[in-house]
Amino acid sequence: MNETVGKLYTDLPLELTVSVGRARPLIKDLIEAQKGTVLPLDARVDDPVTIYLGNKLVATGELVEMDGDQRGNLAVKLTTVSGLTESQNR
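Numbering (our numbering), first residue to last: 519 to 608.
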């Protein structure tokens with residue numbers, strides 16, 4: 519692939535999934551669920567989160583709160599990046 523075509527692909531946006539934990543409710547609990555129902559997760563607030571591209575684990579990180587104009591929004595500070603090739607990781 520020539521450099522121009524490669525650059526074209528690197529400018530495409532991706533959608534990543536950030537997983538904060540898993541819930542394992544009983545079916546009856548979901549049937550009875552309503553607004554305000556709390557689903558416990560198997561993670562603590564300060565546990566690392568996992569980041570996926572499709573089904574592939576590409577990184578881990580920690581949740582942080584944004585500052586400035588985006589104050590209050592969540593972001594992820596990467597702590598490891600393992601699922602990308604070296605050239606993509608630069």
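Backbone N, C-alpha and C fix where the C-beta goes; we use that ideal spot for every residue, glycine too. Predicted, not measured: the structure shown is a model, and the values here were computed from it.
Per DSSP, residue i is paired with what?
{"i": "residue 580", "result": "595"}
{"i": "residue 553", "result": "Paired residues: none, contrary to the question."}
{"i": "residue 574", "result": "571"}
Quick check on the DSSP output: the beta strand (DSSP E) that includes residue i runs from which residue to which?
{"i": "residue 571", "result": "567-571"}
{"i": "residue 536", "result": "535-537"}
Alpha carbons only, please: which of the options is nearest the one belonging to residue i?
{"i": "residue 580", "options": "542, 536, 560", "result": "536"}
{"i": "residue 592", "options": "543, 555, 563, 599", "result": "563"}
For the alpha helix (DSSP H) that contains residue i, what are its first and last residues?
{"i": "residue 550", "result": "545-550"}
Do you know offhand how far residue i's Cα is from residue j's?
{"i": "residue 608", "j": "residue 527", "result": "With a pLDDT of only 45 at residue 608, under the threshold of 50, the placement of this residue in the model should not be trusted; the figure read from the coordinates follows. Rounded to the nearest angstrom, the two C-alpha atoms are 16 Å apart."}
{"i": "residue 599", "j": "residue 572", "result": "15 Å"}
{"i": "residue 574", "j": "residue 555", "result": "31 Å"}
{"i": "residue 606", "j": "residue 547", "result": "With a pLDDT of 48 at residue 606, under the threshold of 50, the modelled position of this residue cannot be trusted, and the question is left open."}
Task: Contact the segment 551-560 vs the segment 579-588: 3+ CB pairs below 8 Å - done: no
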